[in-house]
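Notes to accompany the following structure.
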C-alpha cells in the first residue's frame, strides 16, 4: 500500500485603508516568488510542539513538519502515510508495518522505535488544552518488533485503533526526547519526516517553513512557506486582493460572491465536518457566569436542569443565523457529524426555534422570570464567531434571559480558558477529522478522565455514566454495522440530554491567486501540502 495523500497539487474604499496599511508588511502588492508560498491564516497556534494541542491552528503547522501513520483525503477517507499496512492479530493486538523509505529531516530513517516513543509521549504533555492522550487511551503498550514493525496492545478490543493512534504526529526520538515546550517553541526538537522543515516562529506574526528536499513523498511544490497570522477577516481578504499573500483560509461568507467574480483569484470551498456548538456548564452546582436577575450568584445552577437546556436550545434561531450572518454558509445541526460521516443519524433533527415553548419550559423549571448568564466566544476562530455570540445573546433576551454580557477573546487565549472551566455558556467547535463519529463522540462527551484518556475535549465536564457505557461498548465492536449502530444509539442519548446545543456545520472556503491550486477538505487543513502551482 502506498500513500495517496500528497500528490502533485495537494495532495492540503476608505474604511479599509487602515486595514490595508496593516498588511503592507506582508509584502506589498507585488507577486510572491513562484517558488514561495505565503498563506494568510485566521488563527495562530499556541505552541510548536506537535503534541501540545489538537486544535486546528496547532495542527495546521504540525502536519507540515511531521507525518502521521495515516492521513485522510479531502472527504475524510483514511489513507496510508508512514504506515503501509495494519492488521489485528487478535482483538487487543495490532501489527503496524511502516514504509521503509521514510526518513526524518535529519536523514535518519523513521523507525518503529520512533513511533513507539511518540505514542508514549502523547500520553502526558503537560498543560495541554486539547491533549493527544485521548488518541492513546486504552493502549497498554507500543513495542518495536523490528525497525519497521510496531506491535500495539490495547486494554479492550479497539477496532478503530488507527482512527486514534494513526493521527499522532511522529517525532524523532533522538531529537525530541527530554525537550520542553519552550525548546520546541524555539525549534529545538522539531525534526519530523514531513514535506517542510521548521525555520522560524515569530509569535503574533508568522511561521516560516522550508522545503524538505529529501522528503519521501512527492516533491513539495514550494521552496519556502510563510504562514502569516491575520485574524481580521477584512485585512486577510485585502492581503489576498493586494497580492501580499497567495492563499487565505476562513474566507468570510459575505466576501465569497465578490472573490468568485474577481479576475486573478479562485475560491476553493467544501462543506466541512466542523460542528459549531454552545456548551453549557452542567457539572457545577454553582457556575461562575450564571446569576439571578439582579446579578447575584445563583445556586443551584439552572443549566443542570434539562428543561432549561431545552429552553435555551429553542430560543436559538439557527436558520436565521445561517442565512443572515453566514450568507448560507452553514447547515443547521442536530448531532455531531454531518451526513457522509459514519455515525450520522437522519433521525436526529435540529431543535426548532420555539419562543413560546421555551418560555413554558422555563416556567416548568421554576424560572418564569428567567436568570442571568454571560456568553463567551472566540473572535477569530471561525466565520462570524463573535457576531453569532451577540445574536444568541439577543435571542436569549427575547426569551426572558438576562444576558449579563457577551465576551470574546482571541482563540489561542480562549481555548485554554475553556479547558480550565472558566465559563458557563461558551461557543466552541469540534471538527471531525476521522471517517467515523466515534472518536469525536468519545472526546467531546465521555466523562473527562485523563487516566482513561476520555473526554479530552469535554470542556464543560459533562458526565453521564449510561452514555459512557453505551459508547464504550459500541466502540469495541469489530463488526462495522454494529459499531455504527451503537454510535448512533449513543448519539441519540447524548443529544437528548443537550450538554451542548448543536448549532450548525460550517461550510469552509479558501481563496487564492489563480496560479495556486488548493484541495478544499472537510478536515479544514490549511497547509502547503494541499497547495500547488497551476499548470
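In mature numbering (1 follows the signal peptide of the UniProt record, and there is no 0), the protein residues as written are -34 to -1, 1 to 501.
We put the beta carbon where it would ideally sit given N, CA and C, even for glycine.
Being a predicted model, the structure only gives us computed values, none of them experimental.
Exercise. Is there contact between the region 161 to 179 and the region 31 to 40, where contact requires at least three CB pairs shorter than 8 Å?
Worked result: yes
Problem set entry | Contacts around residue -4, its chain only, beta-carbon distance under 7 Å, and the 5 residues preceding and following it disregarded | Its pLDDT being 42, under 50, residue -4 is placed unreliably in this model, and the value from its coordinates should be taken loosely. Excluding sequence neighbours, residue -4 sits near 209.
For this session: Inspect the beta-carbon positions of residue 390 and residue 238 and report whether they are closer than 7 Å.
Result: no
Problem set entry | Residue burial classification, residue 342 (beta-carbon count within 10 angstroms, cutoff 16) | buried
Problem set entry | Separation of residue 92 from residue 46, as counted between CA atoms | 30 Å
Exercise. Sorry if obvious, but does the Cβ on residue 244 come closer than 6 Å to a heavy atom of the ligand SAM?
Worked result: In the structure on display, the ligand SAM does not appear, and there are no ligands present to speak of.
Exercise. On the three-state DSSP scale, how would you describe residue 105?
Worked result: strand
For this session: Give every residue of the same chain whose Cβ lies closer than 7 Å to the Cβ of residue 333, excluding the five residues on either side of it in the sequence, and list them in chain order.
Result: 268, 274
Problem set entry | Per-residue burial, residue 41 [other beta carbons within 10 Å of its own, 16 or more giving buried] | exposed
Exercise. Whole-angstrom Cβ separation of residue 246 and residue 468, contact assumed at under 8 Å?
Worked result: In fact, because the Cβ distance is near 12 Å, the residues do not count as touching under 8 Å.
Problem set entry | Candidates 112, 114, 104, 108, of which the one nearest residue 123 by Cα | 104
For this session: Please name the residue, chosen from 430, 215, 223, 135, that lies closest to residue 491 on a Cα-to-Cα basis.
Result: 215
For this session: Identify every run of the beta strand (DSSP E) within the region 98 to 182, keeping only runs that are complete inside it and at least 3 residues long; order them along the chain.
Result: 105 to 112, 115 to 120, 162 to 168, 172 to 177
Exercise. According to DSSP, what are the bridge partners of residue 373?
Worked result: 342
Problem set entry | Outcome for residue 111 when other beta-carbon atoms lying within 10 angstroms are tallied against a minimum of 16 | exposed
Exercise. Between the Cα of residue 331 and the Cα atoms of 270, 200, 386, 106, which residue gives the shortest distance?
Worked result: 270
For this session: Tell whether a beta-carbon distance below 7 Å holds between residue 113 and residue 98.
Result: no
For this session: Measure from the C-beta of residue 15 to each C-beta in chain D and report whether the shortest distance is under 7 Å.
Result: Considering every chain present, this structure includes no chain D. It has just one protein chain.
Exercise. Along the chain, where does the beta strand (DSSP E) that runs through residue 195 open and close?
Worked result: 190 to 195
Exercise. When the Cβ atoms of the region 436 to 452 are set against those of the region 120 to 134, are three or more pairs found closer than 8 Å?
Worked result: yes
Exercise. How far does the beta strand (DSSP E) with residue 37 in it reach, from first residue to last?
Worked result: 36 to 38
Exercise. So, helix, strand or coil for residue 448, using DSSP?
Worked result: helix
Exercise. Thinking just about the alpha-carbon of each residue, which of 199, 411, 472 is nearest to the one in residue 345?
Worked result: 199
Exercise. Anyone know if the C-beta pair for residue 140 and residue 155 falls short of 7 Å?
Worked result: no
For this session: Indicate whether the contact test is met: 3 or more Cβ pairs, each with one atom in the region 375 to 384 and one in the region 227 to 238, closer than 8 Å.
Result: no
For this session: Within the same chain, show all residues whose beta-carbon is closer than 7 Å to that of residue 86, passing over the 5 residues directly before and after it, in chain order.
Result: 108
Exercise. Are residue 473 and residue 295 touching if we call contact CB-CB under 7 Å?
Worked result: yes
Exercise. Which first and last residues belong to the alpha helix (DSSP H) in which residue 277 is found?
Worked result: 272 to 281
Exercise. Assuming residue 236 and residue 487 make a contact with CB atoms under 8 Å, what is their CB distance in whole Å?
Worked result: 6 Å
For this session: Give the DSSP-derived three-state secondary structure of residue 491 in the structure shown.
Result: coil
For this session: Thinking residue 70 and residue 179 are a contact (beta carbons under 8 Å), I'd like their distance in whole angstroms, please.
Result: Not a contact, Cβ separation roughly 13 Å.
Problem set entry | For residue 280 and residue 321, the rounded distance between their alpha carbons | 7 Å
Exercise. Where does residue 379 sit, in a helix, a strand or coil, going by DSSP?
Worked result: helix
Exercise. With 16 other CB atoms within 10 Å as the buried threshold, where does residue 126 fall?
Worked result: buried
For this session: Return the first residue and the last residue of the beta strand (DSSP E) that residue 472 is part of.
Result: 466 to 479
Exercise. What did DSSP end up calling residue 434 once you bin it into helix, strand or coil?
Worked result: helix
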